[in-house]
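Report on the structure given below.
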Ligand SMILES: [Zn+2]
Ligand SMILES: [Zn+2]
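In this note's numbering, the protein residues as written are 52 to 431.
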């Protein structure tokens with residue numbers, strides 16, 4: 052299948068944006084039904100979502116996602132924000148002018164609820180706090196990653212290198228891939244949160260009925276927020292209308308990030324939702340259909356992995372290189388390549404936990420179908 056412009060751009064740029072944000076190169080079917088390329092969509096302006104609730108796009112320079120949507124809740128005490136943006140001067144001034152369009156000022160911000168610690172959501176939060184005295188909230192599972200990821204990453208980098216060797220990364224790619232996420236550190240002010248929000252926590256935003264929903268997968272401490280009065284789901288990067296969020300397997304991702312992600316999709320199923328407010332792309336209304344599309348996407352990926360392993364044992368690197376992506380494997384480089392292999396391992400891990408595949412202790416490690424799976428396939 053011919054790679055589409057959107058995917059190519061997305062790949063090109065995320066490779067410089069790094070640090071686990073994002074979105075692996077999409078498999079070709081992931082976005083087929085979804086119309087025009089994001090790169091061609093008009094750049095949104097400040098939009099009124101509901102009375103007292105605004106969507107303010109904050110630009111992400113050199114990134115095909117182009118912007119993060121910061122949601123502004125007006126209250127008697129002042130505005131509260133959901134997500135922040137990268138820590139750049141452009142992002143800060145865009146946020147400032149967005150807020151003045153809404154009729155408030157960054158100095159009046161009372162709280163910043165960060166959905167997860169990726170730089171495009173959390174990077175600017177410290178600067179907003181400095182300008183306003185606002186509190187910053189995160190889920191504890193993401194808060195505890197800050198030190199190793201942003202303050203003193205040497206140990207984490209060693210663990211990333213070990214994981215890459217086990218995945219079967221070629222020697223000459225080890226070092227560049229190990230450091231692929233480092234450039235993005237400059238875009239993050241690694242502040243600690245003032246407020247920790249556990250699953251079910253209700254952040255204090257006067258006049259709004261917000262509940263945090265812990266949705267690990269894309270990040271271990273990812274939070275969605277449900278606003279009950281207006282039946283709104285603020286979905287962060289967990290559910291986006293068109294893009295499939297990257298579910299990376301890396302040393303900070305936990306034992307089964309994809310298994311977590313799939314459970315986190317189910318977790319949103321029971322909510323009555325009028326409109327979904329994602330952190331990228333655009334708002335949409337049919338949450339349950341989108342949840343099912345995301346589940347189907349991963350079922351298709353499982354099938355693909357099993358088909359490759361039915362030909363014999365492979366390293367994760369080999370499996371990733373045989374999978375279908377939006378562009379040829381040779382054209383996927385740097386951070387995108389790491390994301391692609393990481394996402395492949397996430398699928399392998401989930402299948403391993405289900406007893407479908409197994410892995411040996413080697414370096415590189417060889418994945419194969421478990422005996423039961425192989426026997427079943429031979430019977431067919
Ligand atoms: Zn993210
Ligand atoms: Zn994001």
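From the three backbone atoms N, C-alpha and C, an ideal C-beta is built for every residue, glycine too.
- Residue pairing of residue 284 in beta bridges, as defined by DSSP: 277 and 327.
- Under the 8 angstroms Cβ criterion, the segment 255-269 does not count as touching the segment 140-149, having fewer than three qualifying pairs.
- For the segment 221-301, the full-length alpha helix (DSSP H) segments reaching 4 residues or more read 222-229 along the chain.
- When 198, 229, 194 and 192 are compared, the shortest CA-CA separation from residue 210 is found for 229.
- In terms of Cβ geometry, residue 373 and residue 383 do not form a close pair [threshold 7 angstroms].
- Secondary structure note for residue 421: it is in no alpha helix (DSSP H), with a DSSP letter that is neither H nor E.
- Taking a C-beta distance under 7 angstroms as the contact criterion, residue 389 and residue 231 qualify as a contact pair.
- Exclusion of the five residues before and after residue 153 leaves 97, 105, 107, 123, 125 and 130 as the residues of its chain whose Cβ lies within less than 8 angstroms of its Cβ.
- In this structure, residue 288 has its CB closer than 6 angstroms to one or more heavy atoms of ligand 1.
- Beta-bridge pairing by DSSP links residue 430 to no other residue.
- In the same chain as residue 280, and ignoring 5 residues on each side of it, the C-beta atoms closer than 6 angstroms to its own belong to 260, in chain order.
- Taking the Cα positions, residue 345 is about 26 angstroms away from residue 419.
- In terms of CA proximity to residue 386, 114 leads the group 103, 114 and 92.
- A Cβ-Cβ contact shorter than 7 angstroms links residue 330 with residue 287.
- By the 16-neighbour rule on beta-carbons within 10 angstroms, residue 167 is buried.
- Ranked by Cα distance from residue 208, the first of 219, 410 and 233 is 233.
- Three or more Cβ pairs drawn from the segment 284-298 and the segment 318-334 lie within less than 8 angstroms of each other, which places the two stretches in contact.
- Distances from the CA of residue 221 to each of 402, 367, 427 and 411 were compared; the closest alpha carbon is that of 367.
- Boundaries of the alpha helix (DSSP H) harbouring residue 173: 170-173, taken from the DSSP string.
- Its chain contains 403, 419 and 421 as the residues whose beta carbon lies nearer than 7 angstroms to that of residue 409, once the 5 sequence neighbours on both sides are disregarded; these appear in chain order.
- Secondary structure within the segment 111-146: the beta strand (DSSP E) runs of 3 or more consecutive residues, fully enclosed, are 118-124 and 131-133 (chain order).
- Secondary structure note for residue 186: its beta strand (DSSP E) is the uninterrupted segment 186-189.
- When the five nearest sequence neighbours on each side are left out, the beta carbons in the same chain lying within less than 8 angstroms of the beta carbon of residue 417 are those of 364, 365, 366, 410 and 411, in order along the chain.
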